[in-house]
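One structure below.
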Amino acid sequence: MEHEKQGFVSRYIFSFDHKMIGKQYFTLAMSMGFIGGILAVLIRLQLGFPSQPFPFLENLFPVGMASGIMTPEFYVSLFTMHGTIMVFFLLSLLPVSGFGNFLIPLQIGARDMAFPFLNMLSFWTVVPGAIIIIISFFVEGGAAASGWTAYPPLSAIRSAIPGSDLGQTLWLVGMIFFVASFTMGGLNFVVTILNLRTKGLRMMRMPLTTWAQFIVGILGLLSFPALAAGALLLTFDRSLGTSFFLPAGIFIGDTLMPHEGGTPLLWQHLFWFLGHPEVYIIMLPAMGFTSDILATFCRRPIFGYRSMVYAIWAIGTLSFLVWGHHMFVSGMSPFLGSLFVVTTLAIAIPSAVKAFNWLFTIARAKIHFTSASLFGLGVVSLFVTGGLTGIFLGTNATDIQLHDTYFVVGHFHFIMAGAGLFGAFGAVYYWYPKMFGRMLSERLGKIHFWITFVAYYAVFFPMHYLGVSGMMRRIYDPNVYEYLQPLQPVNLFITISAFVLFAGQLLFIYNYFVSMRRGAPATANPWNSAGLEWSTPAYPGHGNWEGEIPPAHRWPYDYSEPGKKRDFTPQWEA
Amino acid sequence: MSSTAAGVAAPIDAARTPADRRHINRLGLFVALGGITMLFAAFTSAYIVRSGGGDWAALELPPVLWMSTALIAASSLTLELARRAFRRGSLPSFRSWSAATAALGTGFLASQYAAWLSLNEAGIYLQSHPKSSFFFVLTGVHAVHLLAGVLALLALFGLAAAGRLVPGRSDAPTLTAIYWHFVGGLWIYLLAVLSLLG
């Protein structure tokens, strides 16, 4: 493939190259993740030192922290935007839009995605969405404050709380951009994977990462439109006087709202019809990365490949049938609740299949402990921890007790946020050589892992204890309740651990950006991996392969075959 | 790889053959239609749930909707005639039939607008009651999708006029037709929901 001179704009800004678009998503997602992390630090500051003055912060947040004490309104905006930014703009953008774009063509042997223009468009659609979300902090009333789930009536009545006004409007606009971008991306994933696989790459020879991205594409396409529909109806309720989600008899101050007949539960149904598949949109790629990474560094074929694929399918399908488990305390019929318990607990089966397959892959293997494999093992650990607490929340009898407590916060930070994040970190350490032609510092990577792993458990494990003790989610100052005051040392411990966790991520950011220039030059296949993406040059150009695209002669997991001299056989060798 | 006038490196077409490309485009369209279907499925489920509310009131559908229905049915017919003409290689006939389709589509939009006006004249607005809210939302979102189809038809007409549509090679007429028939079918579905449910 001939390389013509490209201008800065066409190479780095309006690029059609899936690898550059993937890297654009990385930069955006990491920036958003950094902001989301700062929000988390501020949340923990309030919970660790409730309502204590930090005069220097008044300079940064003159309204939200007037005289250095955080206002309740600012606190509510903080956790709303922390959730929104982390769920959509970090954990969806980085593993799916970022790695999906970067890896799919490399792993299936295609020169680019099926629709390169649509791909560029989808990136430049999400950018304004991200900007609008950030800008919403600086409008009158502050950012949206109805939680990342935007439950009405808080999100639907503009005069409800300060964040319900302009901040919520911008939240909706930003999310519409996000949904548009994400569905375009999903379309591209599905079509690319179905049509552009290289010769010999049957579906059942695809890497599990690509399998995950394929199902994620389908999940996004089928679930995000429900959010779009809900967001449109919500906008009408907010601005045009309809009553889709608003019942009669709501007073704001002394004013009776004109709405009648609507039901906030309708929003919850629409939201969670998206919201639960969204959890797997975040989780499945992390599971795929983990499978690829563990096989490579255990020098073992992934255990139970077929069952892994079926498990991805099963999780994807079931994810559409479980949304009601977010609504057990909404007054739903106990009979309906029981149905949702059954479907929810059924997800434990394919999830356990995946966890056991990883364990069998690891068992008695001589693991190469690299930064990537450590994060892969981290995923397994977090996934099991979060999965076990999920059983308590998925069962309505126990959920009624635990609902809306810190038990839930602990749970989803393990299974969704944590496993998703660790998967993404592992993937960056593993594929970085292909992304930038250089190696990340392994030494910094391992320090990053150990700080992150220990601090992550230190932050989120005690939250289960807080939840069981009755500390509710979203509370601004737990000390207003006498029975929560004895828990203050736990909150302080969590806060200090959260500061350490955040500081540890600075190492990663340093490593990521400095290694782009100063990292050791990478070879084409630095980890001796068997996957097709490693058949490209060390720093592949536009079009990925210089000559013919290699055919796939086998699956990507041929490691340590008995009787062979080399401990792996690449997918592209006969 | 060549550079376009704007200095932007052209995208690489990963499809190996024109047949490949055709297949990819069609699949992409079908996948997109799947997404649109889910959008309206979500609206429908919201409609059904909301119709159980105590303030739900019946809404007499404006008769002009039958005119809309006739127009959109006719437009699917003319578009099929356009597509056949294209397959035969008769470009002038293709241009007239696709222009007729665009005109019928615009007529549909005008007829929908008349339906909204006639409701307004009867004192029924978006926020009057839940069924009227749904009526305006469903017909409005559908109209936006149909408008996209009209724009696609105009683009098709422009391409044909510029001589950039080659019978036997270009698939754009078929893609547009698939989308158009889908949006037409969607209208029949919405009409059924609005008149039969609640």
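For the protein sequence lines, the chains are A and B, in the order given. Those letters in the first sequence? Residues 12 to 585, per my numbering, in order. Those letters in the second sequence? Residues 234 to 431, per my numbering, in order. Beta carbons: idealized from backbone N, C-alpha and C, even for Gly. Please read these numbers as outputs of a predicted model, since none were measured by experiment.
Asked, Found
"What residue from A:F262, A:G299 and A:L257 has the CA that sits closest to F110 (chain A)'s CA?", "A:G299"
"If you drop the 5 nearest sequence neighbours on each side, which residues of the same chain put their C-beta closer than 7 angstroms to that of R169 (chain A)?", "S175, D176 and R249"
"Between the alpha carbons of G18 (chain A) and W135 (chain A), how many angstroms are there, rounded?", "18 angstroms"
"Is there contact here, the stretch 401-416 of chain B with the stretch 299-316 of chain B, by at least three beta-carbon pairs under 8 angstroms?", "yes"
"Return yes when at least one heavy atom of the ligand ZN lies under 6 angstroms from the C-beta of L177 (chain A), else no.", "You won't find the ligand ZN in this model; it holds no ligand whatsoever."
"With DSSP as the reference, please indicate the residues paired to Y321 (chain A) in a beta bridge.", "Y321 (chain A) pairs with nothing; no bridge assigned."
"Buried or exposed, going by whether 16 or more other CB atoms sit within 10 Å of the CB of K364 (chain B)?", "buried"
"Can the beta-carbon of E333 (chain A) be found less than 7 angstroms from the beta-carbon of T355 (chain A)?", "It should be pointed out that residue 333 (chain A) corresponds to Val in this sequence rather than to Glu. Cβ distance < 7 angstroms, so V333 (chain A) and T355 (chain A) count as in contact."
"With a threshold of 7 angstroms between beta-carbons, can F276 (chain B) be considered close to chain A, or not?", "yes"
"Can you check DSSP and say which residues form a bridge with F262 (chain A)?", "A:L267"
"Going along chain B, which residues have a C-beta under 8 angstroms from N490 (chain A)?", "Those do not exist, as N490 (chain A) stays about 41 angstroms from chain B at its closest Cβ, beyond 8 angstroms."
"Which class does T253 (chain A) belong to by DSSP, given the choice of helix, strand or coil?", "coil"
"Can you give me, in chain order, the residues of the stretch 270-297 of chain B that have a beta carbon less than 7 angstroms from any beta carbon in chain A?", "M271, L272, A275, F276, A279, V282, R283, G286, G287 and D288"
"Output, in chain order, the set of chain B residues within a Cβ distance shorter than 9 angstroms of G272 (chain A).", "R283, G286, G287, D288, W289, H362 and P363"
"Between the C-alpha atoms of M300 (chain B) and A376 (chain B), what's the straight-line distance to the nearest angstrom?", "15 angstroms"
"Distance cutoff 7 angstroms, beta carbons only. Does A265 (chain B) sit that close to anything in chain A?", "yes"
"Measuring only between beta-carbons, confirm whether S403 (chain B) sits less than 7 angstroms from chain A.", "no"
"Residues in its own chain within less than 6 angstroms of F369 (chain B) by CB, not counting five upstream and five downstream?", "L359"
"What residues are listed by DSSP as bridge partners for F579 (chain A)?", "A:Y570"
"Run through the DSSP bridge pairs and tell me what R449 (chain A) is partnered with.", "A:P532"
"Under the three-state reduction of DSSP, which class applies to M338 (chain A): helix, strand or coil?", "coil"
"Terminal residues of the continuous alpha helix (DSSP H) containing R254 (chain B)?", "P251 to S284"
"Does DSSP put T38 (chain A) in a helix, in a strand, or in coil?", "helix"
"So, are the CB atoms of E453 (chain A) and L117 (chain A) less than 7 angstroms apart?", "no"
"Quick one: list the residues of chain B neighbouring V201 (chain A), beta-carbon separation under 7 angstroms, in chain order.", "V264"
"Fully enclosed by the stretch 132-204 of chain A, which beta strand (DSSP E) runs are 3 residues long or longer?", "none"
"At a cut of 8 angstroms, does the stretch 261-279 of chain B reach the stretch 223-237 of chain A through at least three beta carbon pairs?", "yes"
"At a cut of 8 angstroms, does the stretch 101-108 of chain A reach the stretch 189-204 of chain A through at least three beta carbon pairs?", "yes"
"Output the distance between the C-alpha atoms of M97 (chain A) and H414 (chain A), rounded to the nearest integer angstrom.", "21 angstroms"
"Taking 7 angstroms as the CB-CB limit, is F472 (chain A) close to chain B?", "no"
"Closer than 7 angstroms, Cβ to any Cβ of chain A: which residues of the stretch 340-363 of chain B, in chain order?", "L359, Q360 and P363"
"Does the stretch 422-429 of chain A come close enough to the stretch 482-502 of chain A to have 3 or more Cβ pairs within less than 8 angstroms?", "no"
"Determine the chain A residues that contact H256 (chain B) at a beta-carbon separation under 8 angstroms, and present them in chain order.", "N206"
"For chain A, find out if any of its Cβ atoms is closer than 7 angstroms to the Cβ of L260 (chain B); answer yes or no.", "yes"
"Would you say A238 (chain B) lies against chain A (beta-carbon separation less than 7 angstroms)?", "Its pLDDT being 40, under 50, A238 (chain B) is placed unreliably by the model, and nothing is read from it."
"Are G178 (chain A) and G152 (chain A) closer than 7 angstroms when you measure CB to CB?", "yes"
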